[in-house]
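**Q**
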Amino acid sequence: MSSRVVTFSASLTSVCIVTAIFIIDSVSISAATAQLSPEPVVIAKSTEVVSARTRQILEHRNPSSATVWIFFTDKGVTDRPGYTQKAAAVHLTERARARRAKVGHENVLFVDLPVESTYLRGIESLGGKLRRESRWLNAASFDLPMDRLNDVASLPYVAQIKPVARFVREPEPVIESELPSAPTAPMQPDALNYGSSLGQLTQMNVPQVHDQGYNGQGVTLAVFDTGFRKSHEAFAQAYLEGRVLAEYDFVFNDGNTANEPGDVSSAWSHGTSTWSLAGGMKDGTMYGGAYKANFILCKTEDVRMESHMEEDNWVAALEWVDSIGADVVTSSLGYGVFDDSTYSYTYADMDGNTAIITLAANTADGLGIIVCNSMGNSGPGAGTLTAPADAFNILAVGAVSSTGTIASFSSRGPTFDGRTKPEICAQGINTYAASSSGDVAYSSSFSGTSAACPLAAGAVCLMVQAHPDFTPQMIRDAVMQTASRASIPDNNYGWGIVNIEAALGWPIAISADITQGNAPMTVNFTGSSALAASSWLWHFGDGDSSALQNPSHNYTVPGLYDVSLSVMTTYGLITNLKTAYIVALGDTLNFGLDSAFAGQQVVNSVYLANSQPLSRIVIPFKLASTPLNITFDSVSLGSRTSYFEALNYLNFDPTNKRYTIELKADNGGGAPDLTTGNGEVLKIYCTTNQFAFGGLANVVDTTDVFTNKLNLYSPALTYKPVVNTGVIATKNILRGDCNYDFLLDISDLQFIVDRLFFGGPPAVTIQSGDWTHDFLQDISDLQMAVDFLFFGGPPPTNP
């Protein structure tokens, strides 16, 4: 294959957005795209290496010394053999290759080649002091004597010289603290207890996504900030599990991002809070959205510098985390814009093509990294955003209150070239975050777009985990197009507050007219796609499928069914899977039938046929008051639940004969859930009225007792079975039939005589020995029996 050299002309505003020509095929492409290719790239030397504006800025800053970016024409290679040799020495981690593969760049690219060392040495020989190298920009930052500026500009390999931009850090907004949401106990034994972080996560529907099993596991999040109190309890689990993959201090150029000698005491304050919002974890206190993610920590901001900070640390950090394999970056280091443009970029530079850190953010997107950056705290005026929030394909994050109202301080769009900003919003007023004041300290007043950004980034990590094959553009589209104001985006809210649960289903939407019922059940499905679709394929979870967009399906067997819809779109085949989406029940709860002689105990067995494994069963029941006056005695576990660890009364109301029983499989001892099947789960013991006549029956039925309702609890859902009532009855008797042979004869007379005069046994029930119906067994019963048997008297009356 012939070598291809990509040639560029450096422009005044940007060395990277220029015209590219492939000499072999004469295809014109952007420089940014060209440098993301495995080809040698050559940039023509600018006709004005040092612009008049650059000279003005540098002279205003310091007449004797300049802090500058120096962009090079090439990387010392101009042909394919030279490129191949240099690329062979570049190592990409497997994690980085896997992420880049999603955007078609798993191999070494031109941006990966190191800056040519002889060029760096040449500038150092002219008095330059190297600060940072940038492979992506093919540039390096130097502190350079002003009187050598022209000498450096004349070097044949120097394409252009620009100032290293300086930023003034905006103070975080101070807002009167409001009390955080009261900690809420988890509903299920295995549920997360979010403590005071519940509200800020619920606003983005993060807990619902956690419930689906997504927690950031396997996703690598890089955090750019001022340093971190690594010993804080919110990060203990991440260190215990080896999920802090790397750290680097770009201020002191060492491997420790915590406070160290030379730092101000508050240096790690900001970073400790932002990391916790994205991925902290302390059950009962707080959670970040991506609490199981991997982390790369970058200390990029020197808080000792009260007046300004330079941008080159941020660029260096971004290139470093790319090499390790970061999937998502959260950066809350937006800085305000000086009125004096000699220190920082102006609004005119917020066009996505000018600021150096913006160009780096654009490159990160091209390499498969999702960059989340705070909008800044300079609102509410239009156009108050700061670099790199103006980048084309990042997620710039604005701040809202807990009620969803845009914060007055949140910076606004549009970009200078007219694009809507921010992309998304999250809570940035009085968020609950870890505090650097102690290892177990927290604050409920951390505010700013600095707080909103890591909250959103943590949610984005869940999206990456759920869709590991999605490109950054797809993730961005999913998050934006499902946000709260997606239909009416503006330069205050952007596309609105993140709804990460909805984003998980983008662009494929699945709905059904019935999601839970009793089998057999027919479900009518509806599929839709936010992208143009050329084919549809449903899988219903029971082995059947359909190629229709809106099919119907009959579920004949009880079960819990996953449903998926795969659609061929402009991005390729995309699948939306809804786990446990269809619940076809075959569950019945049957109160049993039992009878006994009046005055004796009955046992009413409760039988359950369950189609799902059950961890908990709540059974409210009511005993009818008439015609039998039944007395409730107790309950016990049934044959199927005999191993359950807990049997509790949730309600005990003997006056109204209403009771609620709770059965729990695991009450701390680790007992397994009740498997699917059919059989006895509960026994209800009652005693019938001793004066009741035979053949009477009372109904046993379920009922709602205050807030206690009949429910079956499985790991996937809570639901109600079909209920069949039960019966408690007295056995049939014949009044006067003392010996229970259903005859009134001389044997009954003998039974009475034996009972009254010789201490014989009582009749089987009071009523069966009570000829006179006076609820007594005495001489009057004997007289009536004699009269009936020998003198034609009346028989005893039966109801």
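Numbering that gives the first Met the number 0 puts the sequence shown at residues 0 to 798. C-beta: ideal position from N, C-alpha, C; glycine also.
Out of Phe539, Thr702 and Asn575, point me to the one whose CA is closest to valine 617's CA.
**A** Taking only the C-alpha atoms, the option nearest valine 617 is Thr702.
**Q** On the DSSP letters alone, give me the boundaries of the alpha helix (DSSP H) that cysteine 452 sits inside.
**A** Element bounds for cysteine 452: 448–465.
**Q** In chain order, which beta strand (DSSP E) runs of at least 3 residues are fully inside the segment 230–303?
**A** Segments of the beta strand (DSSP E) lying fully in the segment 230–303: 243–248 and 293–298.
**Q** What's the C-alpha gap between valine 48 and valine 151?
**A** Approximately 10 Å between the Cα atoms of the pair.
**Q** Can you check which of these residues, Gly279, Lys74 and Pro550, is closest to glutamine 236 by C-alpha distance?
**A** Here the closest residue by C-alpha is Gly279.
**Q** Unbroken alpha helix (DSSP H) runs of length 4 or more, entirely within the segment 42–94: which are they?
**A** Counting whole runs of 4 or more residues, the segment 42–94 contains the alpha helix (DSSP H) stretches 51–60 and 79–86.
**Q** Would cysteine 371 pass as a contact of isoleucine 393 if the rule is Cβ separation under 9 Å?
**A** Yes, these two residues count as a Cβ contact at 9 Å.
**Q** Thinking just about the alpha-carbon of each residue, which of Asp282, Ala482 and Val40 is nearest to the one in asparagine 192?
**A** For asparagine 192, the nearest C-alpha among the options comes from Asp282.
**Q** Thinking C-alpha only, which one of Arg484, Asp476 and Thr514 is nearest alanine 502?
**A** The shortest C-alpha separation from alanine 502 is found at Asp476.
**Q** Which whole-angstrom value is the C-beta distance of phenylalanine 596 and threonine 706, which I expect to be below 8 Å?
**A** With a Cβ gap of about 38 Å, phenylalanine 596 and threonine 706 do not count as contacting.
**Q** What span of residues does the alpha helix (DSSP H) with phenylalanine 790 cover, start to end?
**A** 778–790 is the extent of the alpha helix (DSSP H) around phenylalanine 790.
**Q** Considering only the alpha carbon of each residue, which of Ala158, Pro80, Val157 and Thr219 lies closest to proline 467?
**A** It is Thr219 whose Cα lies nearest to the Cα of proline 467.
**Q** Might you give, ordered along the chain, the residues of its own chain that have their beta carbon closer than 7 Å to the beta carbon of asparagine 731, omitting 5 neighbours on each side?
**A** If we look at asparagine 731 and ignore the five residues flanking it on each side, its Cβ neighbours are Gly693 and Gly694.
**Q** Could you tell me the distance, in whole angstroms, from the CA atom of asparagine 723 to the CA atom of phenylalanine 750?
**A** The alpha-carbon atoms of asparagine 723 and phenylalanine 750 are separated by roughly 42 Å.
**Q** If you scan the segment 662–727 from start to end, which runs of the beta strand (DSSP E) of 3 or more residues do you find wholly inside it?
**A** Taking only runs of at least 3 residues, the beta strand (DSSP E) segments lying wholly in the segment 662–727 are 676–686, 696–701, 710–712 and 721–723.
**Q** Suppose you measure from the CA of serine 401 to the CA of glycine 417; what does that come to, to the nearest Å?
**A** The alpha-carbon atoms of serine 401 and glycine 417 are separated by roughly 29 Å.
**Q** At which residues does the alpha helix (DSSP H) containing histidine 209 begin and terminate?
**A** Its alpha helix (DSSP H) spans residues 205–210.
**Q** Quick one: using the 10 Å Cβ neighbour count with 16 as the cut-off for buried, is alanine 363 buried or exposed?
**A** So alanine 363 ends up on the buried side.
**Q** Which class does proline 795 belong to by DSSP, given the choice of helix, strand or coil?
**A** Coil at proline 795, not helix or strand.
**Q** Quick check on DSSP: helix, strand or coil for methionine 520?
**A** Strand, per DSSP.
**Q** On the CB-based measure, 16 or more other CB atoms within 10 Å of its CB, does valine 582 come out buried or exposed?
**A** Buried, since its Cβ has 16 or more Cβ neighbours within 10 Å.
**Q** Taking Cβ positions, are glutamate 661 and arginine 734 nearer each other than 9 Å?
**A** Their beta carbons are not under 9 Å apart, which means glutamate 661 does not touch arginine 734 by this criterion.
**Q** In its own chain, which residues sit with a C-beta less than 6 Å from the C-beta of serine 604, not counting the 5 before and 5 after it?
**A** Correct list, in chain order: Gly591, Glu679 and Lys682.
**Q** Kindly provide the ranges of any beta strand (DSSP E) runs that are 3 or more residues long and lie completely inside the segment 585–646, ordered along the chain.
**A** Qualifying beta strand (DSSP E) stretches, in chain order: 587–590, 592–595, 600–609, 615–622 and 630–636.
**Q** Compare the beta carbon distance of glycine 194 and methionine 285 with 9 Å and say whether it is the shorter of the two.
**A** Going by C-beta atoms, glycine 194 is nearer than 9 Å to methionine 285.
**Q** Whole angstroms is fine: what's the gap from threonine 77's alpha carbon to valine 107's?
**A** Threonine 77 and valine 107: Cα-Cα distance of roughly 16 Å.
**Q** Check whether the Cβ atoms of serine 331 and threonine 273 lie closer than 9 Å to each other.
**A** Their beta carbons are under 9 Å apart, which means serine 331 touches threonine 273 by this criterion.
**Q** Distance check for threonine 481 and alanine 508, CA to CA, integer angstroms please.
**A** Between alanine 508 and threonine 481, the C-alpha separation is close to 11 Å.
**Q** Assign serine 746 to one of two classes, buried (16 or more other C-beta atoms within 10 Å of its C-beta) or exposed (fewer than that).
**A** Result: exposed.
**Q** Please classify phenylalanine 408: is it buried, with 16 or more other beta-carbons within 10 angstroms of its beta-carbon, or exposed?
**A** Result: buried.
**Q** Can you tell me where the beta strand (DSSP E) holding proline 550 begins and where it ends?
**A** Run containing proline 550: none; DSSP gives neither H nor E here.
**Q** Considering only C-alpha positions, which residue in the set Thr353, Tyr344 and Tyr247 is nearest to alanine 315?
**A** For alanine 315, the nearest C-alpha among the options comes from Tyr247.
**Q** Which residues does DSSP pair with serine 657 in a beta bridge?
**A** Here the sequence assigns arginine to residue 657, which means serine is not the residue at that position. Partner(s): Lys621 and Asp652.
**Q** Report yes or no: do the segment 208–219 and the segment 507–522 share at least 3 C-beta pairs separated by less than 8 Å?
**A** Contact between the segment 208–219 and the segment 507–522 is absent, because fewer than three Cβ pairs lie under 8 Å.
**Q** Using only the alpha-carbon positions, how far apart do valine 41 and isoleucine 69 sit?
**A** Roughly 15 Å between the two C-alpha positions.
**Q** Buried or exposed, going by whether 16 or more other CB atoms sit within 10 Å of the CB of leucine 200?
**A** Per the 10 Å Cβ criterion, buried.
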